[in-house]
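In numbering that gives the first Met the number 0, the protein residues as written are 0 to 716.
We put the beta carbon where it would ideally sit given N, CA and C, even for glycine.
Shown next, in C-alpha cells, is the structure this report addresses.
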Amino acid sequence: MLGLALLVSGGLPSVVSAQQVHANLPRSPLEDRALEEPIEALSEIEQALVTAAPDSLEHTTLMLAKANACRVLANWQCQRDAGMAARLSADAVKQPLLAVRGEIAEARGRIALQDFARAEQILGETRIRLQSHPDAELLADVFLAQSSMSDRLGKHAVAVQNARDGLAALGKVKSPGIEARLWRNLARASGFLGDSAQAHEALSNARAAIETMADPKLAAELDLELSRLARARGDAAEQVAAGTRILGLADRLKNSQLEGMGQEVLGLAALDLGNWQEANRRLNAAYRSFDTLNLNRDALRVLRDLVKLEVDHGTNPESARTLVHSLIEREAGLDRQERAQAGQDFDAQLKYVQQNFELQQLETEAGLAKARAQSASDRERLNYAIIAIAVLALLMLTVWFGLQRRSHQRLAAALAEKQRSDTALEESERLLRNISDQTPALIAYIDRDQRYRFVNAHYQEVFQADPGSLIGRSVSEMRSPEIYEQLRPNLEKVLAGEATEFETTGFTEQGMPRHFRVSFIPDRAADGSVRGLYSLAFEITAMKEAERKLEELSRTDALTGLPNRRWFDQALRVALSRGNRQHHGFALLYLDIDHFKQINDRYGHSAGDQVLCEFARRLRACVRTEDLVTRIGGDEFVILAEDCDTIDAASGIANKLLKAMEPPVNVDIYSIRCSTSIGIAWLHGVEDSNVAIKLADDALYAAKAAGRNTFRVAGTG
C-alpha cells in the first residue's frame, strides 16, 4: 500500500531502476524516463534519432524508447510505427530479442487501433521467433498483449487464461512491470466474469508488484481497476478517490485516454450518489476524450450511461432523443466497420487464391505447349534424316530411338507438372472452402438460373440441412414464398448487372425473427456478361433487438415501470384525434401526491421512491386495463380514460382513487400516510393537447386550494 501511495503522489522508491521491464537487454536511458516525463523524453528521443546511424543498435533502442513514450501518451499510431521501425532495425543488427520487443510494441499499438487481425498475426509470429531464442520475460509479455486483446474483444475467460499463462511463463523471473500488468488483466477479466474474490486478490498482487518501480500510467490503470471493484461493492468514496488520482496522473502525463477514464470514474461515482448534473458533466467530458481518440468501444460504453442518465433523470426529451439516435448510429457504425473489415479480409484472400490458381493454370498450359512443340520438331527432324540419309539407316535409327526416349521423358515431365498443378488446385479449393466456412456470414454463389452452385458451412444452421444438398437447387425452392418475394427484386437487379445491399427477415421454427443484411455482387465474364452472383449475408438480429429495447426504454419511466411523458404525449394526441372523429368525450385525470416534498425531507429519497412505486401500483389497480396510467415527472401522474363517457363516471374513478390512497405505505420501519389531489378535465371537442393538459392542471390546483385529498372537475362539454 505504501508503495502504491508513493507512485500516485510522485515519490520514487530506491530500487526503481534495477527492476525495469527487460532490464537484461540493451536499452536507452530515455526509455525509463518516458514512464514519468513522456513529452520531454520524446523530444530528446527525436533529437537523438537525427544523429543515430540507421540500422544501428542505438537506433533500435531509441525506437523502442519512442514506442514506450508514445504508449504513455496514448498515441497508438506512433507506438505502432515506432515498434515496426524498431523490429526492422533490430533484425538489421542481428538482435532477435530486441526485434521481439519491437513486434510486441507494434502489436499493442494495433490492438489499441482495433486492428485485431494483424495484431494477432504479429503475436503468433513473435511466439515462433521465441522458440528459436527463448526468453521467459518476453514470452510473458506476448501473453500480456494477447490477454489485453482478448479483453478488448469481450473474450474475458480467454483473457483470464492468457494472463495465467503469462504468469506461469514468467515463473521466478523478476519483472515487476509485466507481472503487475498480468495481475491487472486478470483482475479486470475476473471482474467482468463476476468473480470479485479473484479480482480483489489479483489487484492486491498487482499493487504489491509495483512497489519496487515507478510507472505513473500503470499506477493509474490499477486505480481504474480499483474504482471498478469499488463500484461493484457500492463504495462511492473509494471511486471518487481513485478517479481523482487518475485525473492527476493524466494531467501529469498529458494522456487524453487516462483523462477520459478518470472522468468516467468520477461520472459513475456521481451517478451512484444521485448527483445527476455532476454525472452528466463528467460523462460528457469522458465521451469527448474517447471520441477525439477514435476509441469507439469506450465512447459507446460512456454513451450508453449518458442515455440511461438522460432517460431516467433528464428534463429535456429532445436531448434524450438526440442521445439515443447517437447511440444507435455509433453502434451501427461500429457494426458496419467490423463487417466491412471481415468482408475486406475475405475478398483479399479470395483474390489471392484465384490469382494463384490462374497463374498455375497458365504455367501448366505453357509447359505442355512447349513439350508438344519440341516433340513435333524432333519427329520432323527424324523423318527428314531417314529420307535423306537412307544409307545411314542403322545410325539414324539409333539416333531416332535416342530422341524418342528424350521426347518421352519430356512428356512424362510435363504430365508430372500437370499432376502437381492439379494437386495445387485441389489445395487452393480446400483453402478457399476453409476460409469461407470460417467467415461469420452466409456465403454463396448463385448462377443465372438462380441455382446454388456454392454455399459455406453456415448454411447448415439456417436451413438445418447438409450444405451439399443445396447445390443445384433453386433459391425459390429452398426459401419460403414470403422470403423469396423479398429476395426476387434484388436477384433480378444483380443479374441485370447492378450490385445491391438490403435487409431481410425470416423466422425460426419457434417463430423467433432473424434479421440479415445481404449483399449481392454480380459475377461478370470476360465479355462483361453476368454469369451469376456472389451472396454475402451477415446476421443483424442482435442489433435490431438492441434498437427495439432502446425505443422501449425511451418511452418507459425507469422507477415505476409506467409509461413516461413521451408515451403520454403521443397517446393524448391520438385520443384527442379519435375523440373528435367519433364525436365523443373522455376524461383526463391529473394527480400529484400531497406534501410529497415533506415525505422526501423526513424519510429520505429512497423512501420517497418507494412511495412513488406504491402510489403507481395503486393507480394501476384502480383503473381498467385499457386506461393509460403514466408518470410525467416527479410526483405527478396522469390517467387517460378514453372509455369514460360521462363526468359522473370520471368522478367515480376519482373517488375510487382517493379511497385507495387511504391505507398507509409501509417503508422499512415507517408507516407513511399519503393522500392525493386530483384535477379532472372532461374533454369534448378539444384539439390541442396543451389546452387539455392546462384544463386538468387548473382543476388540480383548484383541488389543492380546496384543502387537498379531494378532486375538482373542469370541462368543455
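Counted within 10 angstroms of its Cβ, other Cβ atoms place residue i as buried (16 or more) or exposed
i, result
"residue 96", "buried"
"residue 498", "exposed"
"residue 561", "buried"
"residue 254", "buried"
"residue 690", "exposed"
"residue 607", "buried"
"residue 262", "buried"
"residue 219", "buried"
"residue 184", "buried"
"residue 79", "buried"
"residue 215", "buried"
"residue 1", "Model confidence at residue 1 stands at a pLDDT of 26, short of 50, so the residue's coordinates are unreliable; what they give is reported in the following sentence. So residue 1 ends up on the exposed side."
"residue 598", "buried"
"residue 404", "exposed"
"residue 458", "buried"
"residue 232", "exposed"
"residue 133", "exposed"
"residue 142", "buried"
"residue 50", "exposed"
"residue 390", "exposed"
"residue 530", "exposed"
"residue 645", "exposed"
"residue 451", "buried"
"residue 350", "Summary for residue 350: the model assigns pLDDT 42, below 50, so the residue's position carries little reliability, and this model does not support an answer."
"residue 353", "Low confidence applies here, because residue 353 scores a pLDDT of 47, under 50, leaving its location unreliable; read the following figure in that light. Looking at its Cβ environment, which holds fewer than 16 other Cβ atoms inside 10 Å, residue 353 is exposed."
"residue 358", "Confidence is the limiting factor: at residue 358 the pLDDT is only 38, short of 50, which leaves the residue's position unreliable and the question unanswerable from this model."
"residue 396", "exposed"
Proximity to residue i [Cα-Cα], best of the options
i, options, result
"residue 674", "708, 556, 485", "708"
"residue 73", "59, 109, 61, 485", "109"
"residue 278", "540, 425, 265, 287", "265"
"residue 558", "634, 330, 569", "634"
"residue 326", "429, 546, 211, 483", "546"
"residue 512", "538, 488, 534, 433", "538"
"residue 584", "590, 576, 591", "576"
"residue 170", "505, 140, 706", "140"
"residue 676", "688, 438, 700, 60", "700"
"residue 566", "316, 455, 662", "316"
"residue 460", "478, 470, 441", "441"
"residue 47", "34, 35, 28", "28"
"residue 187", "372, 159, 415", "159"
"residue 636", "295, 422, 588, 248", "588"
"residue 495", "54, 303, 523, 287", "523"
Beta carbon of residue i nearer than 8 Å to that of residue j
i, j, result
"residue 698", "residue 679", "yes"
"residue 519", "residue 532", "yes"
"residue 204", "residue 182", "yes"
"residue 190", "residue 129", "no"
"residue 66", "residue 104", "yes"
"residue 63", "residue 91", "no"
"residue 202", "residue 178", "no"
"residue 282", "residue 310", "no"
"residue 376", "residue 410", "no"
"residue 468", "residue 449", "no"
"residue 102", "residue 82", "yes"
"residue 88", "residue 125", "no"
"residue 503", "residue 486", "yes"
"residue 148", "residue 118", "yes"
"residue 297", "residue 259", "yes"
"residue 639", "residue 570", "yes"
"residue 70", "residue 107", "yes"
"residue 175", "residue 209", "yes"
"residue 580", "residue 631", "no"
Which residues DSSP lists as bridging residue i, in chain order
i, result
"residue 588", "638, 679"
"residue 555", "562"
"residue 665", "670"
"residue 502", "516"
"residue 717", "The displayed coordinates of the chain run from 0 to 716. Any statement about residue 717 would go beyond what the structure contains."
"residue 710", "677"
Cβ-Cβ separation, residue j to residue i (assumed contact under 8 Å), whole Å
i, j, result
"residue 586", "residue 659", "Going by Cβ atoms, the distance from residue 586 to residue 659 rounds to 17 Å, so no, they are not a contact pair."
"residue 653", "residue 710", "4 Å"
"residue 252", "residue 488", "Not really, about 57 Å apart at Cβ, beyond 8 Å."
"residue 168", "residue 135", "6 Å"
"residue 642", "residue 625", "6 Å"
Contact test: residue i Cβ vs the ligand ZN heavy atom, cutoff 7 Å
i, result
"residue 54", "The ligand content of the structure shown is nil, which means the ligand ZN is not present either."
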